[in-house]
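Chains as they are written, first to last, in my numbering: chain B, 1 to 237; chain S, 238 to 490; chain U, 491 to 718.
In this text, a Cβ means the ideal position worked out from N, Cα and C, and glycines have one as well.
The structure appears below as structure tokens.
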């Protein structure tokens, strides 16, 4: 019917726009991941720290960013972060300006939310690694950083994977919230298509379907990775 | 590691600092791009409209190289404050609330606002008494939405991020009438979707016209734009652009 | 603190807070009612029933709440004549109702998984013992499995309520003046960034209260199985 033509890759179809939006959504999620993982790991380390102040900061960070609506975090980072950065730049060199793209703002906001949750996952995974591992490494003469890199991290990744996989699926969906601040991700492009074509049910339905496909592909990928990492670990299940 | 980060941060700030010296040979202009016929994207995804044409004419007069940035309406003033662009040409009405946070050039046009309702709605009088019990809609953070809040207390008001969504909900009947800049509304009524509806009641003049907004510290840019607006009016450029869009003058003295 | 802004928008933000609480409370309760049959459907021996329930849960959990809200709100607007014909338009006309409907359908899928997990986590020996006492399957579920499952579901249910409080903020995008909606309005009027921080505090307080109440609840309800 006519609806199918609306999805064509031509000047009067929205196929290419939707594809570009989907691509941006994927890029945003993928770009957020390493940032969110690193930040999450640092926060987890802070929460395990012997220094009280670090623990307090780490715990406060998780409490705040797990308690705030993701949408609010995105607004705060997008507007507040920009105003703050602008003030810093003006303080350092008056009369100049700095620009942060919507993509980077979105990435930071999503990364902050992701890190608050992933720090908890890492914390749980750390608990799953027995003290003996640290002690054995030390008796082998490994320095703390080397122990972390060679002994702890590989195990940490395997233990944290199920939790992180879940967070990835949430991240993929949370990217849609960024459509509210000026980034042409899948949902925003869909909104534009709706305004032009007046076919909200069809286009939002298509958008939901595309998100679903992304989730499904992710699930398949996650299962494959889990199987790989589980190999040689004596798990038969 | 930390040292490297600090160095990188310093270098980043240094680049940012050099990025702009305030000689205004380059001006970044913010607009919404969802408000036809004043600013919108055409089918080639190019910015068009009266605001855009005026901005280009002003830039010519200032001998400045201008680039356009599209920004959501709700975030357009914060983005100006955050330095994402230097001036807003986006049909922004000059109001006291906005003047607290930004500076305005002299106005470059003024149009009244009006109510639009479904054909056969029976609405003729748009006073608060006559409209009692109706649901009214407008784009959020507009002078029209402010007017509704102030003059229609106790009404169910629905505010939307873009004007298109207001139209969508009027067409579907979620709102009984919308309040919009009349020229913008008339443009929509000409489309097939606008066929459902008509202007009701009389025109309502609001505010002191539409101007270009700049940051409070950029008084020099504000004055330069005001001067350029008067110049394009004097040399006939303005009237030509006016005629391209509207059969009547929207100039404000 | 900007007291002028606080004076003007403070009371409206509290009114928005009430709207947020209403949205969440109605959706969570209606969602729970819907979740039980879905959870049972997931565990049904009838292949067709269990597949449909699985597909529903999977589809809802695989798509963003914001996209679902748009689908219901603007989608319903498109089907106005049909909805009017069946006399339901007055419901769908209301943005608050559309949000409650979307959130209910959304949380039902998540809650269904919570209840299913809890039911499956009740040790088999419990129902076997009940069976040997001669209880009917229905009675076993009602008197033995369900009460224990409810206890196991308590903690994840608390988390789901917190997620719903946070997620409900998307209602602001479809014209509902919940806490987020009022905050956006206040910001667009005043351009005072503080309003977002006040909203942040209010959300954090809500989440913290739920967390405390839940800890207390769990503590009380599990008294009988705790070791002294």
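Asked                                                                                                                                        : Found
Span of the beta strand (DSSP E), counted from its first residue to its last, around residue 622 of chain U                                  : Note, residue 622 of chain U: premise wrong, no beta strand (DSSP E); alpha helix (DSSP H) at 614-622.
Euclidean distance between Cα positions of residue 14 of chain B and residue 462 of chain S                                                  : 39 Å
8 Å Cβ shell around residue 197 of chain B - same chain, five flanking residues per side excluded                                            : 6, 14, 203
Within 7 Å of chain S by C-beta, residues of the region 180-192 of chain B in sequence order                                                 : 181, 182
Closest residue to residue 379 of chain S among S:372, S:453, S:332, S:345 (Cα-Cα distance)                                                  : S:332
Sheet register partners of residue 305 of chain S (DSSP bridge)                                                                              : S:266
Sufficient close CB pairs (3 or more, under 8 Å) joining the region 356-370 of chain S to the region 417-427 of chain S                      : no
Residue 258 of chain S burial status per 10 Å Cβ neighbour count (16 or more: buried)                                                        : At residue 258 of chain S, the pLDDT of 46 sits below 50, so the modelled position is not reliable and the matter cannot be decided from this model.
Whole-angstrom distance between residue 610 of chain U and residue 645 of chain U, CA atom to CA atom                                        : 16 Å
Nonlocal neighbours in the same chain, by C-beta distance under 6 Å from residue 275 of chain S, ignoring five residues either side          : 286, 287, 288, 328
Distance between residue 520 of chain U and residue 627 of chain U (C-alpha atoms, nearest Å)                                                : 26 Å
Boundaries of the beta strand (DSSP E) in which residue 394 of chain S is found, first to last residue                                       : 393-397
Beta-carbon contacts of residue 215 of chain B that lie in its chain and below 7 Å, excluding the five residues immediately before and after : 169, 172
Minimum Cβ-Cβ distance from residue 355 of chain S to chain B less than 8 Å                                                                  : no
Chain-ordered neighbours of residue 697 of chain U on chain B, where CB pairs are closer than 7 Å                                            : 67
The region 385-395 of chain S in contact with the region 540-553 of chain U per 3-pair CB rule at 8 Å                                        : no
Residue environment, residue 670 of chain U, which counts as buried when at least 16 other CB atoms sit within 10 Å                          : buried
Residue-chain proximity (residue 83 of chain B, chain S), Cβ-Cβ < 8 Å                                                                        : yes
Status (buried if at least 16 other CB within 10 Å, exposed otherwise) for residue 696 of chain U                                            : buried
Ordered list of beta strand (DSSP E) runs contained in the region 3-75 of chain B, each at least 3 residues                                  : none
Length at least 4, wholly inside the region 556-642 of chain U: the alpha helix (DSSP H) runs in chain order                                 : 570-575, 579-582, 585-611, 614-622, 627-630
8 Å Cβ cutoff met for residue 315 of chain S and residue 79 of chain B                                                                       : yes
8 Å contact criterion, which residue 112 of chain B and residue 77 of chain B should meet: CB distance rounded                               : 7 Å
Nearest-angstrom beta carbon gap, residue 211 of chain B and residue 501 of chain U [assumed within contact, 8 Å]                            : In fact, because the Cβ distance is near 38 Å, the residues do not count as touching under 8 Å.
Counterpart residues of residue 223 of chain B in DSSP-defined beta bridges                                                                  : According to DSSP, which records beta bridges pairwise, residue 223 of chain B is partnered with nothing at all.
Per-residue burial, residue 486 of chain S [other beta carbons within 10 Å of its own, 16 or more giving buried]                             : exposed
Where residue 258 of chain S sits in the DSSP three-state scheme                                                                             : Summary for residue 258 of chain S: the model assigns pLDDT 46, below 50, so the residue's position carries little reliability, and this model does not support an answer.
Residue environment, residue 191 of chain B, which counts as buried when at least 16 other CB atoms sit within 10 Å                          : buried
Spatial distance of residue 117 of chain B from residue 221 of chain B (CA atoms)                                                            : 21 Å
Coarse secondary structure for residue 355 of chain S, derived from DSSP in three states                                                     : strand
Neighbour flag for residue 450 of chain S against chain B, beta carbons, 8 Å                                                                 : no
Minimum C-alpha distance to residue 351 of chain S - residue among S:313, S:373, S:263                                                       : S:373
Neighbourhood of residue 165 of chain B by C-beta, 7 Å cutoff - its chain only, sequence neighbours within 5 removed                         : 222
Three CB pairs or more closer than 8 Å across the region 697-716 of chain U and the region 530-544 of chain U                                : no
Span of the alpha helix (DSSP H) around residue 438 of chain S                                                                               : That residue, residue 438 of chain S, is in no alpha helix (DSSP H); its beta strand (DSSP E) goes 434-441.
Beta-carbon neighbours of residue 312 of chain S, restricted to chain B and to distances below 8 Å                                           : 78, 79, 181, 182
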